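In the UniProt record's numbering, the protein residues as written are 1 to 638. Reviewing the structure listed below.
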């Protein structure tokens, strides 16, 4: 049966892929009224001996036997068809015997009246004497019919039917469509091998990182020794030959370009020596409190480390999805976290699972034919996935029926659907569409904004949220927990807050000097995070508007806007709101500890830039989509 269901899923996927929606509906209807009961022997025996015969449903019994006869005639050799014909005659005689034993001679007469001509013409068995059985006074005593009334004959018939159907439904005898066991086994073996290879890869990456750490330590020790040696030599040289502690040019640079902070820290980049001598080591030792090569900077009252100083996350398991053929633009967990949706620049969205215990029946590939700019799951269930494209289209995909249930269109004036967000409470969603422009970089080229509220029951636009005249494009949307407040970020650096019950803007403030790429409510919803195109992240207080609670500058992980091929910068908070994962132009993405000045972590390496991220809604599991066309699911150790 597992192979049968697998074959049915293949047929469904093919029909969806070709867009044969009418055929798919007819196929689903046929499955629901499956006469052959999925070729399950026990169900077929129950139909014959527990329903059709005891309830005298002779028309259904004849139809069932006729179905299997037609199936055998088209799929098997004539010897099996001949055997089934004799078995069919025995089942019909069993029906006659049961009717007589139940004192229902009227059913016997009805049977021969309706089906008698067919029996005489097409049956291989001789039915002539059976036409007289309704009029025989004691047929169970008649030598001609006595054997058919015995318990032994009835038991033998039941066993013969079971053995026959078990034989013909054996996988080695099924039609070509059902000969998929080898393919299915190969797929399962490949999945197992991929899991084992991912585990091995994680082990090798951990070993590599350990060796890299040891190498950095050795280099640091070598640098300290070299620096100390240079310091001693320079001190000796200066004490003998020069009254000045530093060369003049270096002294000038220190006086004009550096502001020395607290002991053990500093607030500027290193100053290089213009004299070409070893005075740089003296300066490094002086500013680094004797620690040559220290690259820690002081910014926003918190330590910011370079990526190579971040510890690698402790990974329990990692799985890589390689179904896409171009860079990933979006990826997100469903409301339950069981399913994942991902989109790539080639115009395809895919739904898939990462847990072997989760059925793969919802897995699908959705072809949109144009660039996908936004994705979002319905919040109350995993049933609907909304897809926004660059050609003014919003598709609603039903994961159970595996088809697009609605195609919506924004106005021609606003073709680019930059973001979509579903309300966590009401059956509505909001789309942020942009008009497009002629700027020099991506954000300048977005044009003006339109925010539309849609009803997910009628699939019609309800209202357009007010933004004023010629408003700059909205890049990111976020609902609070009860869906009453919607936050929106814009390319002019503004954050807008809307009251959804009134459909009005209630507040807003300038948050960045550059465009804002992503926005998120904080874990307790007393704050909101914004991620600018300049790489700066701010956590803003919602109780004291304009107050920054926490910030990070991750510009070193971001391409300049005019250089990036994968322009959208994204971020995601974990379920506890303590870890912030952001996209990166590097092969690894940083994970910051929110409201903590300790160093963050770095993810395992992709093959190219990390372009999309998300956290599982309840578990310590995160997604990273990359320009290497892959999506990875990483489970962290608790």
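Don't be surprised by glycine CBs; every beta carbon is placed ideally from N, CA and C. Bear in mind the structure is a predicted one, so any value in this text is a computation, not a measurement.
- Put simply, of 579, 320 and 29 the residue whose alpha carbon is nearest the alpha carbon of residue 353 is 320.
- Annotation: the continuous beta strand (DSSP E) that includes residue 541 extends over 536-541.
- Residue 102 and residue 54 have their C-alpha atoms some 9 Å from each other.
- Considering only 380, 395, 330 and 323, the residue with the shortest C-alpha distance to residue 365 is 323.
- Residue 312 carries a strand assignment under DSSP once its states are collapsed to helix, strand and coil.
- For residue 108, the enclosing alpha helix (DSSP H) has its first and last residue at 105-122.
- Judged by DSSP secondary structure, residue 434 falls within the beta strand (DSSP E) whose first and last residues are 428-434.
- Rounded to the nearest whole angstrom, the CA to CA distance from residue 199 to residue 220 is 32 Å.
- Nearest in C-alpha terms to residue 414, of all of 464, 58, 551 and 384, is 464.
- With a contact defined as Cβ atoms closer than 8 Å, residue 410 and residue 433 qualify at about 5 Å.
- Contact annotation, residue 636 with residue 313: C-beta distance approximately 6 Å; criterion of less than 8 Å satisfied.
- Assigned with DSSP and collapsed to three states, residue 130 falls in helix.
- Contact check for residue 422 and residue 386: beta-carbon distance about 7 Å, within the 8 Å limit, so the pair qualifies.
- Under the criterion of beta carbons closer than 8 Å, residue 495 and residue 511 qualify as touching, at roughly 5 Å.
- Partner residues in the beta bridge of residue 571, as assigned by DSSP, are 582.
- According to the DSSP secondary-structure assignment, residue 592 is paired through a beta bridge with 580.
- Between residue 388 and residue 367, the C-beta gap is not smaller than 8 Å, which leaves the two residues out of contact.
- Taking a 10 Å sphere around the C-beta of residue 486, we find 16 or more other C-beta atoms and assign the residue as buried.
- Residue 446 and residue 543 have their C-alpha atoms some 32 Å from each other.
- In terms of CA proximity to residue 311, 605 leads the group 633, 613, 605 and 610.
- In the three-state reduction of the DSSP assignment, residue 547 falls in the coil class.
- For residue 496, the enclosing beta strand (DSSP E) stretches over residues 494-499.
- The stretch 103-111 and the stretch 153-167 do not touch, with fewer than three beta-carbon pairs separated by less than 8 Å.
- Look at the stretch 349-394 and you find these whole runs of beta strand (DSSP E), each 3 residues long or longer: 364-367, 372-377 and 384-389.
- As computed with DSSP, residue 102 is found in no beta bridge at all.
- Within 10 angstroms of the beta-carbon of residue 402 lie 16 or more other beta-carbons, which makes it buried.
- By the criterion of a C-beta distance shorter than 7 Å, residue 383 is surrounded in its chain by 398, 399 and 400, once the five residues flanking it on both sides are discounted.
- Here the alpha carbon of residue 443 sits roughly 29 Å from the alpha carbon of residue 600.
- Around the beta carbon of residue 29, fewer than 16 other beta carbons lie within 10 angstroms, which makes this residue exposed.
- Residue 580 places its beta carbon 8 Å or farther from that of residue 587.
- Here residue 213 carries a helix assignment [DSSP, helix/strand/coil].
- At the C-beta level, residue 558 and residue 518 stay beyond 8 Å of one another.
- Taken through DSSP and simplified to helix, strand or coil, residue 456 comes out as coil.
- Shown here for residue 154: same chain residues with a beta carbon closer than 7 Å to its own, the five before and five after excluded, namely 94 in chain order.
- Inter-residue distance for residue 471 and residue 450 is about 8 Å (C-alpha atoms, whole angstroms).
- A distance below 6 Å between beta-carbons, with the five flanking residues on each side excluded, links residue 592 to the following residues of its chain, in chain order: 552, 580 and 600.
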